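Q: As given, the protein sequences belong to chains Z and W, one line each in that order. Following the numbering used here, the numbering of the first sequence begins with 4 at its first residue and continues without gaps. Following the numbering used here, the numbering of the second sequence begins with 9 at its first residue and continues without gaps. For each residue, glycine too, the CB sits at the ideal point set by N, CA and C. As the structure is a computational prediction, the values presented were derived from the model and not from experiment.
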Amino acid sequence: MTKLLNILALVAKYGGLLVTLPIWLPFWIIWFIFEKTGINRLIANFMIATGLYLTFKNLFRKPLRLGLTCFAIMIAFLIFSVVTTLKTALNAGVELSADNRLVVVNSINFTQPLPYAYVNKVKAIEGVKDVVHMNWFGGYFQEPSQQIVTMAVDPENYLKVYEEVVIDDEARARWFGNRRGMLIGRALATAFGWKVGDLIPMSSNIFSNREGGHVWEMEVSGIFDGRDEQFGTNFAVFHYKYFMETQTFGGDWVGWLTLTTADPALNEKVAKAIDEEFSNSQAQTDTSTEKAFNKAFIEQIGNIGLMIFGIVFTAFFTILLVVGNTMILAIRERTGEIATLKTLGFSARSIFGMILTESMLLAFIGGFAGLGLAYVMVEGAKTFLAQFLPGLVLSDAVAMQAIGFMVLLGLVTGLVPALNAYRLNIVTAFSRR
Amino acid sequence: MTTDILFDLKGVKKSFTRGKETIKIFDGLDMQIKQGDFLAIMGPSGSGKTTLLNMLGGVDQPSSGEVWFDGARIDSLSEGQLSKWRANNIGFIFQFYNLMPMLNAARNVELPLLLTNLSAKQRKQSVETALQLVELADRAAHLPKELSGGQQQRVAIARAIVSDPKLLLCDEPTGDLDRHTADEILEMLQLLNEKFGKTIVMVTHDPSAASYAKRTLHLDKGEFVEKDLAA
Numbered sequence: 004m005t006k007l008l009n010i011l012a013l014v015a016k017y018g019g020l021l022v023t024l025p026i027w028l029p030f031w032i033i034w035f036i037f038e039k040t041g042i043n044r045l046i047a048n049f050m051i052a053t054g055l056y057l058t059f060k061n062l063f064r065k066p067l068r069l070g071l072t073c074f075a076i077m078i079a080f081l082i083f084s085v086v087t088t089l090k091t092a093l094n095a096g097v098e099l100s101a102d103n104r105l106v107v108v109n110s111i112n113f114t115q116p117l118p119y120a121y122v123n124k125v126k127a128i129e130g131v132k133d134v135v136h137m138n139w140f141g142g143y144f145q146e147p148s149q150q151i152v153t154m155a156v157d158p159e160n161y162l163k164v165y166e167e168v169v170i171d172d173e174a175r176a177r178w179f180g181n182r183r184g185m186l187i188g189r190a191l192a193t194a195f196g197w198k199v200g201d202l203i204p205m206s207s208n209i210f211s212n213r214e215g216g217h218v219w220e221m222e223v224s225g226i227f228d229g230r231d232e233q234f235g236t237n238f239a240v241f242h243y244k245y246f247m248e249t250q251t252f253g254g255d256w257v258g259w260l261t262l263t264t265a266d267p268a269l270n271e272k273v274a275k276a277i278d279e280e281f282s283n284s285q286a287q288t289d290t291s292t293e294k295a296f297n298k299a300f301i302e303q304i305g306n307i308g309l310m311i312f313g314i315v316f317t318a319f320f321t322i323l324l325v326v327g328n329t330m331i332l333a334i335r336e337r338t339g340e341i342a343t344l345k346t347l348g349f350s351a352r353s354i355f356g357m358i359l360t361e362s363m364l365l366a367f368i369g370g371f372a373g374l375g376l377a378y379v380m381v382e383g384a385k386t387f388l389a390q391f392l393p394g395l396v397l398s399d400a401v402a403m404q405a406i407g408f409m410v411l412l413g414l415v416t417g418l419v420p421a422l423n424a425y426r427l428n429i430v431t432a433f434s435r436r
Numbered sequence: 009m010t011t012d013i014l015f016d017l018k019g020v021k022k023s024f025t026r027g028k029e030t031i032k033i034f035d036g037l038d039m040q041i042k043q044g045d046f047l048a049i050m051g052p053s054g055s056g057k058t059t060l061l062n063m064l065g066g067v068d069q070p071s072s073g074e075v076w077f078d079g080a081r082i083d084s085l086s087e088g089q090l091s092k093w094r095a096n097n098i099g100f101i102f103q104f105y106n107l108m109p110m111l112n113a114a115r116n117v118e119l120p121l122l123l124t125n126l127s128a129k130q131r132k133q134s135v136e137t138a139l140q141l142v143e144l145a146d147r148a149a150h151l152p153k154e155l156s157g158g159q160q161q162r163v164a165i166a167r168a169i170v171s172d173p174k175l176l177l178c179d180e181p182t183g184d185l186d187r188h189t190a191d192e193i194l195e196m197l198q199l200l201n202e203k204f205g206k207t208i209v210m211v212t213h214d215p216s217a218a219s220y221a222k223r224t225l226h227l228d229k230g231e232f233v234e235k236d237l238a239a
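1. Decide if the segment 421-432 of chain Z is in contact with the segment 340-358 of chain Z; the criterion is three or more beta carbon pairs, one per stretch, under 8 Å apart.
2. Quick one: list the residues of chain W neighbouring residue 61 of chain Z, beta-carbon separation under 7 Å, in chain order.
3. Can you list, in chain order, the residues of its chain with a C-beta nearer than 8 Å to that of residue 10 of chain W? Leave out the 5 residues immediately preceding and following it.
4. Measuring only between beta-carbons, confirm whether residue 88 of chain W sits less than 7 Å from chain Z.
5. For residue 348 of chain Z, decide whether its Cβ has a neighbour in chain W, counting only Cβ atoms nearer than 7 Å.
6. So, for residue 416 of chain Z: in the same chain, excluding its five sequence neighbours on each side, which residues have a beta-carbon less than 6 Å away from its beta-carbon?
7. When DSSP labels each residue in this structure, what does residue 238 of chain W get in the three-state scheme?
8. Listed in chain order, which residues of the segment 89-100 of chain W have Cβ atoms closer than 7 Å to some Cβ of chain Z?
9. Could you have a look at residue 119 of chain Z and say whether DSSP puts it in helix, strand or coil?
10. Drop a sphere of 10 angstroms on the beta-carbon of residue 366 of chain Z, count the other beta-carbons inside from all chains shown, and report buried for 16 or more, exposed for fewer.
11. Is the distance from the Cβ of residue 204 of chain Z to the Cβ of residue 214 of chain Z below 7 Å?
12. Taking only beta-carbon positions, decide if residue 42 of chain Z is within less than 7 Å of chain W.
13. Is any beta-carbon of chain W found at less than 7 Å from that of residue 343 of chain Z?
14. Residue 81 of chain W: which of W/30, W/36 and W/18 sits nearest, CA to CA?
15. Pick helix, strand or coil for residue 260 of chain Z, following the three-state DSSP scheme.
16. Just curious, the alpha helix (DSSP H) that residue 395 of chain Z is in, first and last residue?
17. Looking at chain Z, is there any beta carbon in it that lies within less than 7 Å of the beta carbon of residue 116 of chain W?
18. Apart from the five residues just before and just after residue 281 of chain Z, which ones in its own chain have a Cβ nearer than 6 Å to its Cβ?
19. With residue 91 of chain W as the anchor, note down where its alpha helix (DSSP H) starts and where it stops.
20. Near residue 178 of chain Z, what residues of its chain come up, given a Cβ to Cβ distance below 7 Å and the 5 sequence neighbours on each side ignored?
21. Whose C-beta lies closer than 6 Å to the C-beta of residue 3 of chain Z among residues of the same chain, with five residues either side of it excluded?
22. Does the beta carbon of residue 67 of chain W sit closer than 7 Å to a beta carbon anywhere in chain Z?
23. Strictly under 7 Å for the Cβ-Cβ distance: is residue 139 of chain W near chain Z by that measure?
24. At what residues does the beta strand (DSSP E) containing residue 222 of chain Z begin and finish?
25. Measuring CA to CA, which of Z/206, Z/152, Z/211 and Z/181 is closest to residue 200 of chain Z?
26. Tell me, to the nearest whole angstrom, how far the beta carbon of residue 154 of chain W is from that of residue 135 of chain W; I am working on the premise that it is less than 8 Å.
27. When DSSP labels each residue in this structure, what does residue 9 of chain W get in the three-state scheme?
28. Would you mind telling me which residues of chain Z sit closer than 8 Å to residue 176 of chain W, beta carbon to beta carbon, in chain order?
29. Are the C-beta of residue 340 of chain Z and some C-beta of chain W separated by less than 7 Å?
30. Using 8 Å as the threshold, is the segment 97-110 of chain W in touch with the segment 52-71 of chain Z, meaning 3 or more CB pairs across them?
31. Would you kindly report the start and end of the unbroken alpha helix (DSSP H) that includes residue 197 of chain W?
32. When you compare the CB of residue 119 of chain W with every CB in chain Z, is at least one pair closer than 7 Å?
33. Per DSSP, residue 143 of chain Z is paired with what?
34. Cβ atoms of residue 179 of chain W and residue 142 of chain W: under 7 Å apart, would you say?
35. List the residues of chain W whose Cβ lies closer than 8 Å to the Cβ of residue 351 of chain Z, in chain order.
36. Closest by CA to residue 221 of chain W, which one among W/198, W/42 and W/214?
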């Protein structure tokens, strides 16, 4: 029995080592190289000479406290990074909007159509570069629950107005030449396993076709990517002509117009000119920048920014209190040691630096752990949520913000104990003991 | 200017306030300490022994008067200048050793050398020499909690002498030790004074500890009382 247990213990030990090989092997290789080349000694000497050695020793002197504090900081940065990434993904439409793009909708509301004739009238207005008309199709695949953002567009003008839609020339030509052709985004293609040449029975929950059904057969002409990783590719576009020729109502009407101006500086003038042009017509228009239009659309859900701020502020404030309190207690425990260091000749300034460095390290260890975990979570959820939340990516900007907050957290929590240590009077400190 | 007078206190006054009350510790104290001296300062609690030691070590400053060290006045130095001065000239030995609990014996001894420009190799050599001198070379890698009280005090002595200071200031160095260990420590201080020429000022309550010194001064209510036993 004992022999069996010993064997099991050996298996567990070496099995564990084997399983965690990808984690420890790179560190071991780095350590081995450092040890053999003498870099280890150089680093150690540098750390000793700069006082970093003392800082590290102090930081790791109570591993449980360090672990719990880092865990708290990690959770805060995990929340911050994930929630901010979600916000960025939700706002991707706003952020990625081109500066010179305007949206023209019916002034009643954007669900009301506009006459087709408006397209050429808008194109004729001075300052307008390209115009595309778009119709909401209300598409779904097989089941109404599998909704797909699908729009009927004028293909050539669509690609002129939306330059961030990236396709190769072959796919472009194939789409232009195929009346039933459909261009689908990469996320959509991945989600449904569609490829070029597939025939897709696309249903509409709004329109019916002349054959008496709600299904339009479309062929995948190409799969587009976004110029930017955050550009959502979870939608499909198809020929307006095919849509108009086969549907049973709503002919010669378009859902809305999207246009580009020759210069963003002309936006206001062009928008005013368009709305004035149709001010006495049956369908008056409301023209705004795409950014403003998307922002208004997103804000129908609620003030996301305020919600995010509330969550992040609460998490951070709580963590700030926890870490700040821990630091103050940790330094107070070391009053005698600080007094000894000062007696030995360490300057108040160097001790101030050591304590501030310690709090910064604490914030960085926990912060980077949280940021790393958030990255893993976002990457894991990216594919899964691509259909609903395109552009879910932990961006450099979010990472930089997180690092900024780490610095802030380190400074705020370390400043008071560092100042106390700086001001500590040796005689008073020893007389307290 | 270098003379054989290491410390010269001229008309030193020291007082502090506790609430609304002003307490006078010294009211015009004069004192000289020669190089190579081993001086024990005794006296009852509150007589000003530790305050005097603090002023000699530059961790406390007189309210008025002058403190000269090796021909240079130190009472007017700034806190930063005093830190440097302490690092260069003074070795401290405390009653409760005051070692850094997270550092091993060698690293504790090395602490004062971090304030010098010595290379890592030179620092290592100095630490080894200091530990050999206190007969603890084999305990270099031990943490303070793994050492006895006497061994910890010997590490503290090694830390005090590692940077080769002119003066050792000892505040009740045997106050926390048994008689036998205390004697070992005092013999070591005597050796440092006699063989290596270190000037030592030791504050103690213990007459047998004071007997190791070359001379003993008694403080009472901030004044020296003439009981120079060794003179």
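A: Reading off the structure:
1. Verdict: yes, contact present.
2. By Cβ distance, chain W contributes 110.
3. Model confidence at residue 10 of chain W stands at a pLDDT of 49, short of 50, so the residue's coordinates are unreliable and nothing is read from them.
4. Yes, contact with chain Z.
5. With a threshold of 7 Å between beta carbons, residue 348 of chain Z makes contact with chain W.
6. So the qualifying residues of the chain are 326, 327, 330 and 362.
7. Reliability fails at residue 238 of chain W, whose pLDDT of 43 lies under 50, so the model's placement of it is uncertain and no value is given.
8. The segment 89-100 of chain W vs chain Z, Cβ under 7 Å: 91, 92, 94, 95 and 100.
9. Correct three-state label for residue 119 of chain Z: coil.
10. Looking at its Cβ environment, which holds 16 or more other Cβ atoms inside 10 Å, residue 366 of chain Z is buried.
11. Taking 7 Å as the Cβ cut-off, residue 204 of chain Z and residue 214 of chain Z do not qualify as a contacting pair.
12. Closer than 7 Å: no.
13. For residue 343 of chain Z, the answer is yes, since a Cβ of chain W falls inside 7 Å of its Cβ.
14. Selected option, being the one with the closest Cα: W/18.
15. Three-state DSSP puts residue 260 of chain Z in a strand.
16. Per DSSP, residue 395 of chain Z belongs to no alpha helix (DSSP H) and is neither H nor E.
17. Output row for residue 116 of chain W: interface = no.
18. Around residue 281 of chain Z: 287 and 288.
19. Bounds of the alpha helix (DSSP H) holding residue 91 of chain W are 87-97.
20. Cβ within range, chain order: 158, 184, 186, 224 and 225.
21. Summary: the structure shown does not reach residue 3 of chain Z, with chain Z confined to residues 4 through 436, and so no result is reported for it.
22. So yes, residue 67 of chain W belongs to the interface.
23. Residue contact with chain Z for residue 139 of chain W: absent (no Cβ-Cβ distance below 7 Å to any residue of chain Z).
24. It spans 218-229 - the beta strand (DSSP E) in which residue 222 of chain Z sits, taken as one unbroken run.
25. Ranking the options by Cα distance to residue 200 of chain Z, first place goes to Z/181.
26. Cβ atoms of residue 154 of chain W and residue 135 of chain W stay farther apart than 8 Å, at about 18 Å.
27. Confidence at residue 9 of chain W is low in this model, with a pLDDT of 45, below 50, so the placement of that residue should be treated as unreliable; the coordinate-derived value is given next. Shown here, residue 9 of chain W sits in coil according to DSSP, grouped into three states, outside any helix or strand.
28. Those do not exist, as residue 176 of chain W stays about 13 Å from chain Z at its closest Cβ, beyond 8 Å.
29. Yes, contact with chain W.
30. Three or more beta-carbon pairs separated by less than 8 Å link the segment 97-110 of chain W to the segment 52-71 of chain Z, which places the two stretches in contact.
31. Unbroken alpha helix (DSSP H) run through residue 197 of chain W: 187-202.
32. At least one chain Z Cβ lies under 7 Å of residue 119 of chain W.
33. BP columns for residue 143 of chain Z point to Z/150 and Z/206.
34. Residue 142 of chain W places its beta carbon 7 Å or farther from that of residue 179 of chain W.
35. Ordered by position in chain W, the residues that pass the 8 Å Cβ test against residue 351 of chain Z are 87, 88 and 91.
36. Ranking W/198, W/42 and W/214 by Cα distance to residue 221 of chain W puts W/198 first.
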